[in-house]
DNA sequence: CGCGGCTTTGATGTTCATCAAGTAAAGTGG
DNA sequence: CCACTTTACTTGATGAACATCAAAGCCGCG
């Protein structure tokens, strides 16, 4: 049976640097057979907490959020993954089921590789195993660091932080559309929707940013930086 | 803190279930050669942020804290590791240097295995690799979960939580000595020293706990549980 | 003894969540 | 396409939760 009618050649895919750079030719060919690509529309749920973990996922394009769903829409966002990031986090090797959920913040393409196949690769290719561990490890560090940082900051500092996050890390541009609702921003940096709005308004009257409809423009990068660090 | 002379036989060590259960006889013998045990006194620093990572560490006995050191003693405690826990977290596979610190909360014995040797094992023994990944993965999940949980709780809930943590998970006993100073408790659950004390006092007047010198006694487990969940 | 660190309690002020209410935007059904 | 509903956004007022500041008691240690 042919799984892949989209006749990709993973060995040419720029995304193999995510983890697959250490595979030999044969392994690379197998990989293509165990791989599928899926597209998700903005807002679609990709993984639901409790789902069985059958695949190793990474993001090819778009933007997704990893989150824990709580009661009455009180979700908590764990992290935001951009292309080249793992989506599956580390947890896929610990449990049979996901203990968090994933959904698309923008139209996204997810590459999905059969998990038993990946485990097999880990068993048989030591370099690959170490590479994966190192990548996941770094992912982990970033999330922990983010969580600890949050705790030290006041609300203004947190807002400044995510504005710079989107500007510098995601869009690499001073003008962009925040792919999160105000509520989602609140869930990401642990505060209330009202305060997100309030502080964005403050920043606007202080001429640190401009907001035109959906568009956000960073006006004073340096001051925001300073607020993010010391505010 | 004397280095012992490694006369141990790791194949008999109950701690091999931490990760080494999949090693064959030869690998087990090598392991003993690459392993050292070190003892640390309560309060001693085991690893300092920035130290080169040369070994894979796990805790044989005692209790340690992993923390990020901040300015003027404003540390943040990432997690508390008990015997059978990894000490090195996942980060040892991502970076050449530690980006957190570790110190002993009680007199502790740490087992230390040469990291290149471990990496070698990962490369050559697929079962071992998967096992390690799964264990570290679970570790990661626990820490993330803890961090997210903190965010949802008020101060009283957090205090109730760590009281139960020590009672149920660490000492498995309703009467124990908290191995942390009030300040350290504050660092662990992100609040001020004064409020830790204040709330402990409240709990005492509410007959939820008793405090005799260093000793803490849990009086009303159920009520604490309820505060931890809904407070 | 006296010094410094840890602990405790109280008083004060700030930050932030909650509540309320109103506007804008976006989807829904006739 | 328009009325209708719902969802997102916004602003202000209020009070609660919490940090900060201050001061005093306690304890171990040189």
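Residue numbers (the numbering used here), protein chains in the order written: chain A, 22 to 252; chain B, 22 to 252.
Cβ coordinates follow ideal geometry from the N, Cα and C atoms, glycine included.
Check whether the stretch 235–242 of chain A touches the stretch 183–202 of chain A, counting contact only when three or more Cβ pairs, one atom from each stretch, lie closer than 8 Å. yes
Alpha carbon to alpha carbon, how far is residue 76 of chain A from residue 60 of chain A? Give it in angstroms, no decimals. 15 Å
Short CB-CB distance (under 8 Å) between residue 27 of chain B and chain A: Low confidence applies to residue 27 of chain B: its pLDDT is 46, below 50, so where it sits in the model is not reliable enough to give any reading.
Does the pairing of the stretch 169–177 of chain B with the stretch 133–141 of chain B give three or more beta-carbon distances under 8 Å? no
Can you give the beta carbon distance from residue 118 of chain B to residue 74 of chain B, rounded, assuming they're within the 8 Å contact cut? 6 Å
Take every Cβ of the stretch 145–156 of chain B, pair it with every Cβ of the stretch 195–213 of chain B, and state whether three or more of those distances are shorter than 8 Å. no
Chain B residues whose Cβ lies nearer than 8 Å to that of residue 89 of chain A: 169
Cβ of residue 178 of chain A less than 8 Å from any chain B Cβ? no
Whose CA, out of B:90, B:120 and B:83, lies closest to the CA of residue 106 of chain B? B:83
Does the separation of the CB atoms of residue 208 of chain B and residue 55 of chain B fall below 8 Å? no
Quick check on residue 161 of chain B: does DSSP put it in helix, strand or coil? helix
Could you check the C-alpha separation between residue 222 of chain B and residue 216 of chain B for me, to the nearest Å? 10 Å
Whole-angstrom Cβ separation of residue 145 of chain A and residue 65 of chain A, contact assumed at under 8 Å? Wrong, their Cβ atoms sit about 35 Å apart, outside the cutoff.
Which stretch, first to last residue, makes up the alpha helix (DSSP H) that contains residue 199 of chain A? Here residue 199 of chain A belongs to no alpha helix (DSSP H), and DSSP marks it neither H nor E.
Could you have a look at residue 108 of chain B and say whether DSSP puts it in helix, strand or coil? coil
List the whole-angstrom C-beta distance separating residue 70 of chain B from residue 90 of chain B, where the pair is believed to meet the contact cut-off of C-beta under 8 Å. 6 Å
Indicate whether at least one CB of chain A lies closer than 8 Å to the CB of residue 32 of chain B. no
Rounded separation between residue 230 of chain A and residue 224 of chain A - CA only: 6 Å
Check the DSSP bridge columns for residue 82 of chain B and list the partner residues they point to. B:130
Which residues mark the beginning and the end of the beta strand (DSSP E) in which residue 46 of chain B is found? From DSSP, residue 46 of chain B is part of no beta strand (DSSP E) but of the alpha helix (DSSP H) over 46–54.
From the DSSP output, which residues share a beta bridge with residue 66 of chain B? B:124
What are the partner residues of residue 12 of chain B, as DSSP defines its beta bridges? For residue 12 of chain B there is no data in the structure shown, the boundaries of chain B being 22 and 252.
For residue 130 of chain A, the nearest candidate out of A:32, A:156 and A:57 (CA to CA): A:57
In chain B, which residues lie less than 7 Å from residue 159 of chain A when you measure between Cβ atoms? 115
Should residue 205 of chain B go down as buried or exposed, given a rule of 16 or more other Cβ atoms within 10 Å for buried? buried
Reference residue 180 of chain B; option with closest CA among B:72, B:34 and B:250: B:250
Terminal residues of the continuous beta strand (DSSP E) containing residue 216 of chain B? Note, residue 216 of chain B: premise wrong, no beta strand (DSSP E); alpha helix (DSSP H) at 214–226.
Distance between residue 226 of chain A and residue 113 of chain A (C-alpha atoms, nearest Å): 45 Å
Taking Cβ positions only, does residue 189 of chain A come closer than 8 Å to chain B? no
Let me know the secondary structure DSSP gives residue 243 of chain A once reduced to three states. helix
Looking at the secondary structure, which residues open and close the beta strand (DSSP E) in which residue 191 of chain A lies? Neither: residue 191 of chain A is in no beta strand (DSSP E) and is coded neither H nor E.
Have a look at residue 53 of chain B and residue 47 of chain B and give me their C-alpha separation to the nearest angstrom. 10 Å
Could you please tell me which residues of the stretch 43–65 of chain A, in chain order, have their CB closer than 8 Å to any CB of chain B? none
Reference residue 79 of chain A; option with closest CA among A:50, A:95, A:156 and A:162: A:156
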